[in-house]
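Visitor: Submitted below is the structure of interest, expressed as structure tokens.
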Amino acid sequence: MGYIFGLDREQASLLPARIEDYVAADAAVRVIDAFVDGLDLAVLGFSRAAPALTGRPGYDPRDLLKLYVWGYFNEVRSSRRLERACRRDVEAMWLLRRLAPDFKTIADFRRDNGAGIVGTCRAFVLLCRDAGLFSARLVALDGSKFRAVASAKKVVDRQGIEQEAARLDGRIAAYLAGLDDADAAEPDDAPEAVAAALAALRARRAELDRLAARLDTEDRNLIVEGEEDARPMGSGRGPKPPGYNMQSVVDAGTGMIVHHEVTDEPNDRRQLHPMATATKESLGLDTLTVVADKGYDNGEHASACERDGIVACVPSQRSVNNQGDGTLFDRTAFIYEPETDTLVCPAGRTLVRKQLHRQKRNVTYASPDCSGCALKNQCTTAERRLVKRHLDDDALNRMTARATPERMRARRCAVEHPFGTIKRKMAGGRFLTRGLKATRTEMALSVLAYNILRAININTATS
Ligand code: SF4
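Throughout the sequence shown, residue numbering follows our numbering, covering 406 to 868 in sequence.
Written out as structure tokens, the structure is:
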């Protein structure tokens, strides 16, 4: 038995194969090609969407956009690898018609067209919406951390900046004292190596001042050197790696991401209403049911969602506000009377408003007199009972009641697949670019690639 032999490399062909013949009729690259060809790049805000009338012709942004979408679809994200792919990969050669832009042109395109690329991701969602792909009215919201281009060692706090600044001040003073001793008090007259060392110390000192000023301006305590938009994120003890929080809203019917956002907020508490509103507008719906985990529990957002026609289903993570060893009445034993803004306790007495805490959005109610109460040993160990009630308590209770086990199961099934797939395609969930603006562009490409893959799979399964 022999082996299967390929063609002789010296074999001439009478009719050479066309590059078209190397790309299968149902290849995903053809979907990418057709989708980008159907876009109005000028409306989406791409630069050079119309060719310049004079000067050397540049690359068509349509070609560079196709290359990036194809690259993220195939886990080829860096501009240098995309440049190589244009010369090696038959699909890239087909897509760009044998054009081979250099890596700088490719990288500049991504850097300069962030808004257009984000708009392209949204355009695909609208295309799917108009094609009737999103049948379910239930969407799942979740967040996941993606690593920034910086290590945990680059996280510095206010105290660390002050300590390093003090050390540098000491070293600068020592250099200047040495120069004085050498009768060369003016740094310009100092030997070249000393002047260079002094300049480096002063540059670093100025950089520390800039970092401290940014901490003051943004009223925070930590900053990541070299990737200042990122924040240390993650759970558990130990140093937290710098990253970004990717919020995504997934259609439970198709598993497609209908809206996403990259934020620098380490937790999800302030994301429910803006993400749900943007999704509802994007899908053009009058009402939308959103299910999320307890990290999104927020009274203000619960009320805002009800006001805007969004049915939010989020389990509670509030404390039960019971007192003593945990066996005493919790706050659910106290009935709220909206007409009088009072609480009625299990003994039938009235607790009146004592204090409003605007920042925490809660009100403390107090019993004026607990003396002689037969239930006192089940209620409080203090002289009288205090109960806290959230200003949005009713909306919160309704939101919690809607978070049924079935809905929470649907949430888990919907959100885990997109994050898993995107993180795998992004080398375990790592960005290649720095800064919030650039990471938003990168995530838009990843989400677009994921949605195209999902749409193809749905189409294949249903045809
Ligand atoms: S201790 Fe006070 S608040 Fe509690 S049940 Fe008795 S009267 Fe009501």
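Ideal Cβ positions, reconstructed from N, Cα and C, are used throughout, including at glycine.
Could you spell out the range, first to last residue, of the alpha helix (DSSP H) harbouring SER640?
Guide: No alpha helix (DSSP H) contains SER640, which DSSP labels as neither H nor E.
Visitor: Is any non-hydrogen atom of ligand 1 found closer than 7 Å to the C-beta of THR785, if you look at the structure I gave you?
Guide: yes
Visitor: May I ask you to list the residues that DSSP assigns as paired with ILE715?
Guide: LEU693
Visitor: Have a look at GLY643, VAL428, ARG609 and flag the residue whose alpha-carbon is nearest the alpha-carbon of ILE566.
Guide: Selected option, being the one with the closest Cα: ARG609.
Visitor: Does the segment 635-647 come into contact with the segment 524-540, if we say contact requires no fewer than three beta-carbon pairs (one atom in each stretch) closer than 8 Å?
Guide: no
Visitor: When the Cα of GLN760 is compared with those of PRO751, ARG754, THR747, which residue comes out closest?
Guide: THR747
Visitor: With distances taken between CB atoms, is the gap from ALA717 to MET804 smaller than 8 Å?
Guide: With contacts defined as CB atoms closer than 8 Å, ALA717 and MET804 qualify as a contacting pair.
Visitor: Starting from GLN783, trace the alpha helix (DSSP H) in both directions and tell me its first and last residue.
Guide: Counting along the chain, GLN783 sits inside the alpha helix (DSSP H) bounded by residues 781-784.
Visitor: Pairing CB atoms from the segment 808-819 with CB atoms from the segment 475-495, are three or more of them under 8 Å?
Guide: no
Visitor: Assuming ALA697 and VAL719 make a contact with CB atoms under 8 Å, what is their CB distance in whole Å?
Guide: 5 Å
Visitor: Once you ignore the five residues that flank ARG636 on each side, which residues in its own chain have a CB closer than 6 Å to its CB?
Guide: ASP669, PRO671
Visitor: With H, G and I counted as helix, E and B as strand and the rest as coil, what does DSSP make of ARG464?
Guide: It should be pointed out that residue 464 corresponds to Tyr in this sequence rather than to Arg. Here DSSP, grouped into helix, strand and coil, assigns TYR464 to coil.
Visitor: Any heavy atom of ligand 1 inside 7 Å of the beta-carbon of LYS759?
Guide: no
Visitor: Please confirm whether any heavy atom of ligand 1 lies closer than 7 Å to the CB of ALA752.
Guide: yes
Visitor: Report the option in THR838, GLN722, GLY834, LEU606 whose CA atom is closest to the CA atom of ALA806.
Guide: GLN722
Visitor: Under 8 Å Cβ to Cβ from LEU837, same chain only, skipping five residues before and after it: list those, please.
Guide: ARG482, SER483, VAL554, GLU847
Visitor: Just to check my reading of the structure: ASN703 and ARG675 have Cβ atoms closer than 8 Å, yes? What is that Cβ distance to the nearest angstrom?
Guide: 7 Å
Visitor: Leaving aside the five residues before and after CYS775 along the sequence, list all residues of the same chain whose C-beta is less than 8 Å from its C-beta, in chain order.
Guide: ARG754, LYS781, CYS784, THR785, GLU788, ARG789, ARG790
Visitor: Quick check: the segment 470-478 against the segment 436-453, are at least 3 beta-carbon pairs closer than 8 Å?
Guide: Touching, yes.
Visitor: If you draw a straight line from the alpha carbon of ARG563 to that of VAL663, how long is it in whole angstroms?
Guide: 39 Å
Visitor: Under DSSP, the alpha helix (DSSP H) around TYR741 begins and ends at which residues?
Guide: First-last for TYR741: 740-742, but that is the beta strand (DSSP E), not the alpha helix (DSSP H).
Visitor: So does SER772 have its beta carbon nearer than 7 Å to some heavy atom of ligand 1?
Guide: Yes - ligand 1 has a heavy atom lying nearer than 7 Å to the Cβ of SER772.
Visitor: First and last residue of the alpha helix (DSSP H) that includes ARG758?
Guide: Element bounds for ARG758: not the alpha helix (DSSP H) but the beta strand (DSSP E), 755-762.
Visitor: ASN856 lies in the alpha helix (DSSP H); which residues open and close that run?
Guide: Start and end: 841-867.
Visitor: For a test of your reading of the model: does the CB of CYS775 fall under 7 Å from any non-hydrogen atom of ligand 1? Yes or no.
Guide: yes
Visitor: For TRP499 and ALA447, what's the separation of their Cα atoms in angstroms?
Guide: 24 Å
Visitor: Using the rule of at least 16 other Cβ atoms within 10 Å of the residue's Cβ for burial, across every protein chain shown, is GLN416 buried or exposed?
Guide: Burial call: exposed.
Visitor: So is the beta-carbon of LYS830 under 7 Å away from any non-hydrogen atom of ligand 1?
Guide: Because no heavy atom of ligand 1 lies under 7 Å away, the Cβ of LYS830 does not count as near it: no.
Visitor: Assuming contact is defined by CB atoms lying nearer than 8 Å, are ILE409 and VAL495 in contact in what I supplied?
Guide: no
Visitor: Using 8 Å as the threshold, is the C-beta distance between LEU603 and ILE577 below it?
Guide: Yes, Cβ-Cβ distance for LEU603 and ILE577 is below 8 Å.
Visitor: Do the segment 792-800 and the segment 758-772 touch if we need at least three Cβ pairs shorter than 8 Å?
Guide: yes
Visitor: In whole angstroms, give me the CA-to-CA distance for GLY450 and ALA849.
Guide: 15 Å
Visitor: Helix, strand or coil, according to DSSP, for GLU686 in the structure here?
Guide: helix
Visitor: On the premise that ARG642 lies in contact with GLU633, defined as a C-beta separation below 8 Å, what is that separation, rounded to the nearest angstrom?
Guide: Not a contact, Cβ separation roughly 25 Å.
Visitor: What span of residues does the alpha helix (DSSP H) with ILE511 cover, start to end?
Guide: 508-517
Visitor: Contact defined as beta carbons within less than 8 Å: I believe VAL561 pairs with ILE511. What is the distance between those atoms, to the nearest angstrom?
Guide: With 8 Å as the limit, VAL561 and ILE511 do not qualify as a contact, their Cβ atoms being about 33 Å apart.
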